[in-house]
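Right, one structure below, let's go through it.
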Amino acid sequence: MRRRRTVVPLSATPLSASLLRTGLLYTGLLCTSLLSAALSCALPAQAAPPKIAITETAAFDAASVAPFAGDYADVYAYLGTQREHNLAQLQRWVRQPSISAQNQGIAQMAELLRADLQQLGFRDTALVPTSGHPGVYGYLDAGAEHTLVVYMMYDVQPIEPTGWKVDAFAGSLVDEPGLGKVLMARGATNQKGPQRAFLNALEAVIKTRGKPPMNLIVLAEGEEELGSPHYPEVVAKYADTLRKADGVFFPMNTQGRDGEASMFLGVKGIVYMELEAKGNAGSGGPQRAEVHGSLAAKLDSPSWRLVQALATLTGPDGEIAVPGYRDAIRAPNREEQQLFNGIVRGREADAAKQLESLGAARWKNGRDYRDATVAELFDTTLNIDGLVAGYTGEGVKTILPHRAVAKVDSRLVPDQTPDQALALIRKRLDDKGFQDVEIRKLSGYPPAQTSVTAPLTQAALSVYRKYGQTPPVAPRIGGSAPYYVFTQTLGLPMISGGLGHGSGAHAPNEYMVLEPAAGSKVASLEQVERFYVDLLYSLSDALKRPKP
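Those letters in the sequence shown? Residues -47 to -1, 1 to 501, by mature numbering (1 follows the signal peptide of the UniProt record, and there is no 0).
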């Protein structure tokens, strides 16, 4: 999406770090003078922060899961002979632009992915027409009892005009101090790098053993960076086939710069909207075009109108002031509370370091680390992503704009819905006399989550344990992705996972580590591929066990 973004270092909380590595619809604030102006408006009474009780005392510990014992030496050895080839595959993917917001290279990248699946032995590959960018489908029949769906996204973010050290689509190999050799390119970590690494692993299994241990369905979209508005159309086309699958997996780099992996089992939902105030007969202001700034003495201002409308949505402390907005939120259940305890215990001492990495002096409204993490996991948000009105360039230009626009997102938790949230915001504006302020829904979908006890989750944790990792496991993260189409629409468990470290998603100099620096705990590309090999077999074994 065409927005400026605040780039946050990956040494933030385990939850935020995991999210930032993925780039899942994590937007920064575009601050303008209109924000400070809002403080002078008539604000609603101070809103009380939410009271979300954590009463469970037990904590989930990934160390309770036994390490996966599988050893596929022939497959590993083959991967060792294919280092240059496999690296070239990653470079080939990132060298193909696929900017969904600009429709740049989308058709070419979709066909590249489809052709790669066909070359690997997927039958019935297809470009799936939608009302927007096409999806990509492929089915690999291994003659197995169980089937895994692999979710992929082939689109990337636009390129920033400045800040890149290399051509963003050259697939450059760069020696980065403290990191080692990295692939620096748009899409390197979000998500072309890890996705192609998964296919490299699959290719190694097929070359050495003839077929994978499970049937595979790849279902990709080209609009994740736009909020996945048409991915449900792709899922609907293959719904009957997908319902017969056992779960869904999204390949992802989950290691931080320190080499520690993290895992999450769900995502928040989102409603993304645009609010616009413009000159009209009711509230006044110029209606056709901007006029000279001196006319503010005799004409109303749509810019001030929008600022005043926005100021009714929160209190002075930034807490949501929309009546009923949190009424649908359910309390964290026992499993979620145990996962929460496993995340925060022993990490309180890191709070200052985490704040420093975020460039912040405190958690919201002075909360402590524990309460801030409770909010990140279990509370909703209402965030201004950007404000645009009139002239914001260099120098002086005095005008009275005829329209002002704000981009706003709200992250949703169970059991909120996008339409419900939108209706409550509309009612709040209407009740405060802002019927003329338009709201346009740009995207939206509900939250999604999978249980830590699901075979898919346990299989992934056992592979992490094999590689010496005991990742903190979050019930969900603060970001959003269209997992609901699987977990809610189809009733399938879905997780994301993998070794590997990358950073810079949505920012200049995006990278994925290929050959880590000496002494680093970050996985090499070959180790990332080995992880995916083990995951396929671990999940296959888990599904063969009798259900308790």
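Beta carbons: idealized from backbone N, C-alpha and C, even for Gly.
| DSSP three-state call for Arg287: helix, strand or coil? | Arg287 falls in the helix class under three-state DSSP.
| Burial state of Val275, where buried means 16 or more other Cβ atoms lie within 10 Å | buried
| request: Determine the contact status of Asn206 and Gly451, defining contact as a CB-CB distance below 8 Å. | output: yes
| task | Compute the distance between the beta-carbons of Pro367 and Val224, then report whether it is under 8 Å. | result | Taking 8 Å as the Cβ cut-off, Pro367 and Val224 do not qualify as a contacting pair.
| field | Residue from Asp324, Gly219 and Tyr464 with nearest C-alpha to Ile5 | value | Minimum Cα distance to Ile5 is reached at Asp324.
| task | Go through the segment 394 to 419 residue by residue and report every complete run of the alpha helix (DSSP H) that reaches 4 residues or more, in order. | result | 408 to 419
| message | Quick check on Asn168: buried or exposed, where buried means 16 or more other Cβ atoms within 10 Å of its Cβ? | response | It is buried - the Cβ of Asn168 has at least 16 other Cβ atoms within 10 Å.
| query | So what does DSSP say about Asn462, is it helix, strand or coil? | reply | coil
| said: Tell me which residues share the same chain as Gln422 and place their Cβ nearer than 6 Å to its Cβ, disregarding the 5 neighbours each side in the sequence. | reply: Ala214
| said: DSSP three-state label for Arg(-43), please. | reply: Because the pLDDT of Arg(-43) is 38, which lies under 50, any placement of that residue in the model is unreliable, and the question is left without a value.
| First and last residue of the alpha helix (DSSP H) that includes Ala234? | Element bounds for Ala234: n/a, residue is neither H nor E.
| query | What's the gap between the Cα of Lys160 and the Cα of Asp280? | reply | 54 Å
| Would you call the CB atoms of Leu195 and Thr410 closer than 8 Å? | no
| In chain order, what residues of the same chain have a beta carbon less than 7 Å from the beta carbon of Ala(-10), not counting five sequence neighbours either side? | With a pLDDT of only 44 at Ala(-10), under 50, the local geometry of the prediction cannot be trusted, and no value is derived from it.
| Buried versus exposed call for Ala26 [16 or more other C-beta atoms within 10 Å across all chains shown] | Around the beta carbon of Ala26, fewer than 16 other beta carbons sit within 10 angstroms, so the residue counts as exposed.
| Whole-angstrom C-beta distance between Ala359 and Leu228, which should lie under 8 Å | Their Cβ separation, rounded to whole angstroms, is 5 Å, which keeps Leu228 and Ala359 in contact under 8 Å.
| Neighbourhood of Asn39 by C-beta, 6 Å cutoff - its chain only, sequence neighbours within 5 removed | Answer for Asn39: Asn153, listed in chain order.
| query | Hey, which unbroken runs of the alpha helix (DSSP H) at 4 residues or more fall wholly within the segment 93 to 159? | reply | none
| request: Please state whether DSSP places Ile5 in a helix, a strand or coil. | output: Here Ile5 sits in coil by DSSP.
| Just how far apart, CA to CA, sit Ala12 and Gly23? | 28 Å
| request: List the whole-angstrom C-beta distance separating Tyr398 from Gly222, where the pair is believed to meet the contact cut-off of C-beta under 8 Å. | output: 6 Å
| In whole angstroms, what separates the C-alpha of Met62 from that of Arg45? | 10 Å
| task | Scan the segment 58 to 96 and note each continuous beta strand (DSSP E) run of 3 residues or more that stays entirely inside, going in chain order. | result | 76 to 81 and 88 to 93
| query | In the structure shown, what three-state DSSP assignment does Ala(-31) receive? | reply | No answer about Ala(-31) holds up, because its pLDDT of 49 lies below 50 and its placement is not dependable.
| What does Thr326 pair with, by DSSP beta-bridge criteria? | Paired residue(s): none; Thr326 is not in a bridge.
| Pick from Gly88, Val341, Gly455 and Glu468: whose alpha carbon is nearest that of Ser53? | Gly88
| Around the Cβ of Thr333, are there at least 16 other Cβ atoms within 10 angstroms (buried) or fewer (exposed)? | buried
| said: Tell me the DSSP secondary structure of Ala54 in three-state form. | reply: Helix.
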